[in-house]
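Notes follow once the structure below has been shown.
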Ligand SMILES: [Zn+2]
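Residue numbers (the working numbering): 292 to 443.
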């Protein structure tokens with residue numbers, strides 16, 4: 292529905308509701324419009340702000356696009372996510388590596404120099420031992436472990 296400001300031949304202003312501008316034109320042409328004050332059918336639109344009565348037809352606000360839920364990390368604290376990823380990585384590490392414990396430096400060397408079967412290992416090394424391995428070009432990585440998940 293739209294509302295038009297109308298004025299009759301006698302100058303009475305009133306409002307008329309129409310389905311559309313075409314509806315107004317049709318009713319005006321057929322003299323179906325009449326001034327509520329004097330009944331004058333010489334009704335015309337007056338230039339004024341046209342208000343659209345959207346009422347219940349007003350389109351509902353578009354729903355916010357729902358971001359694709361790609362994981363169970365949605366909306367979680369970034370730190371919690373990092374912790375979870377780390378935990379998963381750790382699980383992976385623990386299940387796919389052989390624990391050689393304190394023999395880690397020696398075993399890593401053996402594997403690197405092909406004196407032992409190549410495999411993924413984990414274990415412990417002191418700072419010095421770790422640095423020696425690094426200096427020798429042996430690919431090792433240190434990972435900090437939560438105390439309760441010590442590798443040994
Ligand atoms: Zn009138």
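Idealized CB from N, CA, C, for every residue including glycine.
None of these values were measured; they are calculated from a predicted model.
- What is the rounded straight-line gap between the Cα of residue 390 and the Cα of residue 374? Here the question's residue 390 lines up with position 99 in the chain shown. Here the question's residue 374 lines up with position 83 in the chain shown. Their backbone Cα atoms lie some 23 Å apart in a straight line.
- Run through the stretch 382-424 for me and flag every whole alpha helix (DSSP H) of 4 or more residues, listed as ranges in chain order. Entirely contained in the stretch 382-424, the alpha helix (DSSP H) runs reaching 4 residues are, in chain order, 395-403.
- Do residue 330 and ligand 1 come close, with the Cβ less than 8 Å from some heavy atom? Counted from its first residue, the chain shown places residue 330 at position 39. For ligand 1, at least one heavy atom lies less than 8 Å from the Cβ of residue 330.
- What is the residue span of the beta strand (DSSP E) that residue 296 lies within? Along the chain shown, one-based indexing puts residue 296 at 5. Run containing residue 296: 293-298, per the beta strand (DSSP E) assignment.
- Item | C-alpha distance - residue 292 paired with residue 336, whole-angstrom precision | In the chain shown, the residue the question calls residue 292 occupies position 1. In the chain shown, the residue the question calls residue 336 occupies position 45. Spanning the two alpha carbons is a distance of roughly 16 Å.
- Message: Looking only at its chain, what residues have a beta carbon closer than 8 Å to the beta carbon of residue 409, apart from the 5 residues adjacent to it on each side?
- Response: On the chain shown, position 118 is the one that residue 409 refers to. Excluding its 5 nearest sequence neighbours in each direction, residue 409 has C-beta neighbours in its own chain below 8 Å: 402, listed in chain order.
- Message: Let me check understanding here. Comparing Cα to Cα, which of 393, 411, 311, 379 lies closest to residue 418?
- Response: Here residue 418 is taken as the residue at index 127 of the chain shown, counted from 1. Looking at the Cα atoms, 393 is the closest of the given residues.
- Query: Are residue 309 and residue 327 closer than 9 Å when you measure CB to CB?
  - Reply: By 1-based counting over the chain shown, the position of residue 309 is 18. By 1-based counting over the chain shown, the position of residue 327 is 36. Cβ distance not < 9 Å, so residue 309 and residue 327 don't count as in contact.
- Item | Own chain, CB closer than 6 Å to residue 325, minus 5 neighbours either side, in chain order | The residue given as residue 325 occupies position 34 in the chain shown. Apart from sequence neighbours up to five positions away, the residues of its chain that approach residue 325 with a beta-carbon distance below 6 Å are 332, ordered along the chain.
- Query: Name the DSSP bridge partner or partners of residue 379?
  - Reply: In the chain shown, counting from the first residue as 1, residue 379 sits at position 88. For residue 379, which the question treats as bridged, DSSP gives no partner whatsoever.
- Residues near residue 413 by beta carbon distance below 8 Å, same chain, minus five either side: In the chain shown, residue 413 corresponds to position 122, counting from 1. These residues qualify, in order along the chain: 384, 385, 388, 389, 390, 391, 395, 442.
- Item | Beta carbon of residue 334 nearer than 9 Å to that of residue 298 | Here residue 334 corresponds to residue number 43 of the chain shown, with the count starting at 1. Here residue 298 corresponds to residue number 7 of the chain shown, with the count starting at 1. Contact: yes.
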